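Enquirer: Quick one: the structure is below, and I'll ask about it shortly.
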Amino acid sequence: MVSRPNFPILGIPEIDDQHRELVDAFVRFESWLKKGQGFSAALDAITMLQGYIERHLRYEEEMLRSRGYPKLDEHIRHHQIFMDKVDGFFQKLLDGEDVGAELCDFMRHWIAQHIGSEDVEYARFMGTRSDA
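For the sequence shown, the working numbering begins at 18 and goes up steadily by one.
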């Protein structure tokens, strides 16, 4: 059984929809891994993440920039780390390495830590999320 990671709703519809897309891709990826389709699963997940980076991270950064988010530079650094890790997974995959388990752990951590903490922080700043 594949476990769907919890992620907070930020109260920003476009961002929440994009986060759901990431979680759905993670669930699909983890399901494929459990069925022994490691290479195909990893390639699909990395391809999805590359598109996600282009759409979501840039959208989020522009939104935060337009709102004057005081921790924007730090948030962008976290995004750059994410992009670099995805690029590294892709290179490892091309080199024939089995990246499935490591990529799965990375995605689960990103969903929990980045969305669950850093994104919640900017949602509070923007006033779309007020709970603890």
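The C-beta atom is built at its ideal place from N, Cα and C for all residues, glycine as well. Remember, predicted model here, so these are calculated numbers, not experimental data.
Can we say the stretch 130-145 touches the stretch 77-88, given the rule of at least three CB pairs closer than 8 angstroms?
Expert: A contact exists between the stretch 130-145 and the stretch 77-88.
Enquirer: Cα separation between Gly133 and Leu111?
Expert: For Gly133 and Leu111, the distance between alpha carbons rounds to 31 angstroms.
Enquirer: Between Val103 and Gln67, what straight-line distance do the alpha-carbon atoms span, to the nearest angstrom?
Expert: The straight-line gap from Cα to Cα measures roughly 7 angstroms.
Enquirer: What is the rounded straight-line gap between the Cα of Gln35 and the Cα of Leu120?
Expert: So the alpha carbons of these two residues sit roughly 19 angstroms apart.
Enquirer: Alpha carbons only, please: which of Asp122, Trp127, Gly28 and Lys109 is nearest the one belonging to Phe99?
Expert: Of Asp122, Trp127, Gly28 and Lys109, the residue nearest in Cα terms is Trp127.
Enquirer: Alpha carbon to alpha carbon, how far is His96 from Asp33? Give it in angstroms, no decimals.
Expert: Spanning the two alpha carbons is a distance of roughly 17 angstroms.
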